[in-house]
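In the numbering used here, the protein residues as written are 10 to 860.
Everything on this sheet refers to the single structure shown next.
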């Protein structure tokens, strides 16, 4: 763990003047950049090294070398060309992925304002060093840990470190040890926290992994993330097929060498058989599907940090979500106005504020800094614009009296067009009552109204309007003569997309549980509006604190609303749900949320208000923080798993005729049908079918009407493998029958080989079409979503046609130009071999196998 930078390393002469460029460079070289160390991106050479170890590529290289050694220059160069093309394509795709990730990291790079060489400048946050004088203002993230040397009403949201949602006040300091985050009137600011009010300047004390957030981040970075079930499953399948291919290949070489005394032909046929049996597409398809799936998710504002976790999304059974910013808009809106004599419910479409409430709105507007980004201040500004109270926008602000621990209210003094002072105050209702010098029944009546508004889940501010003589202003806002103007109630409105998204999740068999630090009444009101079942009420943090394991199980099973929850209690909720067999997705944004995000099957961090530590712990980052995006991501996860299963059935099916046509003719004493070059051409058709056509296959119509699949449900289990092998076996039998029949009719080997190759190509394309949907595709094969298939099919047919009709290529492949009728018969045979498998999809068991 990096140790904090010694205070003696920061020159006292620089404490208020900032650094020079030379001094900053020295500090940067000494302590390193203001970042937490990340894993380095893979270089081009590292990617190339991985590609060159692929078994299929090694077999291709061996076959090319053998042809060159025996003097067959054309065949050897053809296979060598295929090998180079394959390497180039994979290298290009992998490098594009690395470049995209690097660009994404650059886009997210934060900036900081510091004093360098006596001038204010904006630099990358990673360039901030100890001793820098950083300038802080409303809405900015603090780039490093530091101590305030000047402060003007600075209020900081430290919830990312403490889990406490209420911002804390700061004061300027003159030394001392860096204190624990949280609590008012401390002189220290911390990396990653957010300035919500005021401005100030601070000397940087710690940077990078030495900051409070950085030290937690370094610890989390040391946790190794295990491979997903899908990755393990696919690797197991590939190893199984590879072992089987090696055994059969060696047996064929020995058989051909011993009994036919043709070792060279045995080796070439063995390589062709191994290439036909080896399902190298499995890991490639998995990588491509998840990578493109991550790209598709990014388009709907969901960033998959570990794309393989996408597969788990489709199996999610419980979504545990925050209220603020996820279900709600994370902004304040004026919802209620109360002048004590009249009340107004402020609807979103309100165009004009009634006259009786305009003095209250005007007073609230005058008590607001007009350039403020504070959510409540912005809400007041929005309402003032509708009330026509923007006339004071050009008035100069004379003085601001900020919040103080003993008086949680602020006052702003303006000078109007006539040179008179205009004064207003706002703050905690009890503080405004004090400023207005109210006591007795009037004060009690006001607090009763406050209580009624709070029970509706509203945050309440009191507002007062004051007067002052033209002379000097008093030092304390308490010396003004304020009149109570009324109460303003604020709410964080529900996102408009949430009710529909909650309903869709319910139809998909997914339970939605809301977890918030807010009060139960507010939480239940928001949950009810969102469509979450609230019949069991809200469970509070205190109840969880005193619950044993049995009670905890009951609480998390029954309740869907959890209120007054501390971040560390989220972990208990996650663990309890997991023990009940649920697949849990959990949202979070603070450092204290990281353990729960790490423990959940799917950790979802917030992109705007989240800390880097939370994002590192999570597998997914919600860029727009909208609950609807989570449900869309679940749908995408289901689609990806569906399409992966379909492509696995297809790969299992197509490798049967490839391997069979390379092996059976040799065992049956017929002339060899497939050589390595033939297998390579078929593989060139299979690869785009797998990586493009199936990936672009649209989601099934009922994909969000099915219950979540079990995580124990394998991607390609025994039913899927058997179904694929059955399809491939039928195509193999038809192609062999065609090949053998033509030989019996004394057709040339080239003619029979050409016909069999056409049949396999047509069957290959038919397998891709039939396995692309759980429904019968024959009745809607020309739908818009299948355009990619037809483009790929046209390209594949063109390539095969060129190989057959171009004399030089036909000689290399051992083809001859067939008659039109013969070619049509061969293509028809391939299609007819596969078509019955589309007809049986009316059986529910078959549909379950496919999707």
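For glycine and all other residues, C-beta sits at the position ideal for the given N, C-alpha and C.
Per DSSP, cross-strand counterpart(s) of residue i
i, result
"residue 123", "130, 143"
"residue 450", "According to DSSP, residue 450 bridges with nothing at all."
"residue 607", "Beta-bridge pairing links residue 607 to no other residue."
"residue 629", "313, 613"
"residue 195", "179"
"residue 383", "Residue 383 is not bridged to any residue."
"residue 875", "There is simply no residue 875 to check, as the chain begins at 10 and stops at 860 in what is shown."
"residue 43", "BP columns for residue 43 are empty, so no partner."
"residue 490", "476"
Environment of residue i [buried if 16+ CB atoms lie within 10 Å]
i, result
"residue 448", "exposed"
"residue 345", "buried"
"residue 221", "buried"
"residue 503", "buried"
"residue 794", "exposed"
"residue 640", "buried"
"residue 258", "buried"
"residue 410", "buried"
"residue 335", "buried"
"residue 628", "buried"
"residue 444", "buried"
"residue 871", "The structure shown does not extend to residue 871, since the chain is modelled only from 10 through 860, so no value can be given for it."
"residue 272", "exposed"
"residue 791", "exposed"
"residue 567", "exposed"
"residue 820", "exposed"
Nearest-angstrom beta carbon gap, residue j and residue i [assumed within contact, 8 angstroms]
i, j, result
"residue 372", "residue 430", "Not really, about 14 angstroms apart at Cβ, beyond 8 angstroms."
"residue 767", "residue 832", "6 angstroms"
"residue 152", "residue 121", "4 angstroms"
"residue 422", "residue 408", "5 angstroms"
"residue 43", "residue 181", "Not confirmed; about 23 angstroms, so no contact."
"residue 123", "residue 157", "Not quite, the Cβ-Cβ distance comes to about 15 angstroms (not below 8 angstroms), so this is no contact."
"residue 29", "residue 139", "Between residue 139 and residue 29 the Cβ distance is about 14 angstroms, and since that is not below 8 angstroms, they are no contact."
"residue 435", "residue 376", "4 angstroms"
"residue 523", "residue 536", "5 angstroms"
"residue 178", "residue 194", "6 angstroms"
"residue 276", "residue 262", "6 angstroms"
Range of the contiguous alpha helix (DSSP H) that encloses residue i
i, result
"residue 749", "727 to 753"
"residue 513", "507 to 516"
"residue 772", "758 to 779"
"residue 578", "576 to 588"
"residue 712", "Premise fails: residue 712 is in no alpha helix (DSSP H) and is neither H nor E."
"residue 862", "Residue 862 lies beyond the range of the chain shown here (10 to 860); nothing can be said about it."
"residue 40", "30 to 40"
"residue 817", "816 to 822"
"residue 434", "Per DSSP, residue 434 belongs to no alpha helix (DSSP H); it is in the beta strand (DSSP E), 430 to 436."
"residue 531", "529 to 539"
"residue 596", "First-last for residue 596: 593 to 597, but that is the beta strand (DSSP E), not the alpha helix (DSSP H)."
C-alpha gap between residue i and residue j, whole angstroms
i, j, result
"residue 163", "residue 324", "45 angstroms"
"residue 233", "residue 224", "In this predicted model, residue 233 has a pLDDT of only 40, less than 50, meaning its place in the structure is not dependable; the value taken from the coordinates is given anyway. When rounded, the distance between both Cα atoms is 17 angstroms."
"residue 486", "residue 146", "24 angstroms"
"residue 752", "residue 851", "39 angstroms"
"residue 206", "residue 642", "35 angstroms"
"residue 844", "residue 703", "18 angstroms"
"residue 3", "residue 569", "Residue 3 cannot be examined here, being either before or after the span of the chain that is shown, 10 to 860."
"residue 199", "residue 212", "11 angstroms"
"residue 761", "residue 829", "14 angstroms"
"residue 318", "residue 602", "19 angstroms"
"residue 327", "residue 141", "46 angstroms"
"residue 338", "residue 611", "23 angstroms"
Extent of the continuous beta strand (DSSP E) run through residue i
i, result
"residue 520", "520 to 524"
"residue 364", "Where residue 364 is concerned, there is no enclosing beta strand (DSSP E), given that its DSSP letter is neither H nor E."
"residue 329", "327 to 331"
"residue 552", "Segment 550 to 554 is the alpha helix (DSSP H) holding residue 552; no beta strand (DSSP E) there."
"residue 475", "468 to 476"
"residue 2", "This structure leaves residue 2 out entirely; the chain is present only between 10 and 860."
"residue 424", "418 to 424"
"residue 161", "154 to 166"
"residue 409", "406 to 410"
Closer than 6 angstroms: residue i CB and nearest the ligand COA heavy atom
i, result
"residue 820", "The ligand COA is not part of this structure, which contains no ligands at all."
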